[in-house]
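For reference, the structure is listed below as structure tokens.
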Amino acid sequence: MNFFRKILFPFAILYGFITAIRNFLFDKGILKSVAFDVPVIAVGNLSVGGTGKTPQIEYLIRLLSDHYKIATLSRGYKRKSEGFVLANATSNAEILGDEPYQFYQKFPNIQVAVDANRVNGITQLLSQKNAPEIILLDDAFQHRKVKAGFYILLTAYNDLYSDDLILPAGNLRESSSGAERADVIVVTKCPQDLTSEQQAEIRFRLKPKSNQQVFFTFIEYDSRVYSETKQLLLAEIETVDKLLLAGIAKPEPFFAYLQAAKSGTMVFSDHHDFTAQDIETIKEKAKDKIIITTEKDFVRLKGKLPKEQLFCLPIKSSFVNNKADFDKTIMNYVGTSTGNR
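Remember, the working numbering sits 4 above the position in the sequence shown when you count from 1.
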């Protein structure tokens, strides 16, 4: 523990005590959770950002949307709207937030909604004539006013919750004991060649309960980058002079994957709201180079930078092994829940 964390440790104890009391009240039913008559899958983490919630939600959408009517419900972090909003053709990243708008752009066959009040959000979705059959809750592991039917807890390979401390001394939103609420634990951002022995060592460190499954995923990058009007193979631009831009929690893997001798980089804070001055700075640094950014940044920059210059690199979550077991677990939960409606 470094010196700064030692100074903050007493505050972490206090924060941990407060969150423990809150969880106790929910566990005992003193604070009420609302359950719903449709399958609700909550995806979240114990730490603050950077675990790969968006690609995990997208994985679930791909798995389920051919069989069921799907809706995603997010808080809509840093959006400029209020209350419940259901995405439509007039929506943008400012109205929905970057991640929900990304879902809406990539998966036009699902419903995408935002509401800080998740109980109200689900109620509004289910009150529609075309109500969803499954609701995916984004970043909702601590949102205990909703009692989800299935909880997926994410933890990053290089930043396991078992090795971390509670805020502000560390990055945990609550004690690592909160992991006991998870049905499935997914270790994200693993090396693709993670061995069985390494997986066993991580399971030992996480200490899952006997009823909890642990899975391992890695980030798989697309072989192309995409603008609004065209796509380019990565091999085509490997030696091209370009600007790499990211406003995400942990951009280092993105830069490392695309980095080349002629590539410049620009880093912004997670969910950064790009100002007019930011746009001018980007244009000045890019000049006539192509700009490659993340999908989340792309939806915020689209329309602000020349469309022939701005590209994004899509990613997806892939399983190191046991993909079929994960899919079966999710489909079994959903099938049982819908069958009991």
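The C-beta atom is built at its ideal place from N, Cα and C for all residues, glycine as well. Note that the structure is predicted; figures quoted are calculated from it, not measured.
Bridge pairing for residue 236: 229 [DSSP]. Put simply, of 250, 330, 338 the residue whose alpha carbon is nearest the alpha carbon of residue 299 is 250. The shortest C-alpha to C-alpha distance from residue 267 to any of 291, 102, 178 is the one to 291. Assignment of residue 290 by DSSP, reduced to helix, strand and coil, places it in the helix class.
Per DSSP, residue 315 lies in no alpha helix (DSSP H) segment; the continuous beta strand (DSSP E) that holds it begins and ends at 314-316.
Collapsing the DSSP output to three states places residue 202 in a helix. Per DSSP, reduced to three states, the secondary structure at residue 52 is coil, with no helix or strand assignment. Within 10 angstroms of the beta-carbon of residue 60 lie 16 or more other beta-carbons, which makes it buried. For residue 155, the enclosing beta strand (DSSP E) covers residues 154-160.
Judged by beta-carbon spacing, residue 303 lies beyond the 9 Å limit of residue 41, meaning their Cβ atoms are not closer than that value. Rounded to whole angstroms, the gap between the alpha carbons of residue 28 and residue 182 is 11 Å. By the neighbour-count criterion, in which a residue is buried when 16 or more other Cβ atoms sit within 10 angstroms of its Cβ, residue 271 is exposed. In the displayed model, residue 118 falls within a strand according to three-state DSSP. With fewer than 16 other Cβ atoms inside 10 Å of its own Cβ, residue 209 counts as exposed. Beta-bridge partners of residue 224 (DSSP): 320. Assignment of residue 89 by DSSP, reduced to helix, strand and coil, places it in the strand class. In this structure, the straight-line span from the alpha carbon of residue 201 to that of residue 223 is close to 20 Å.
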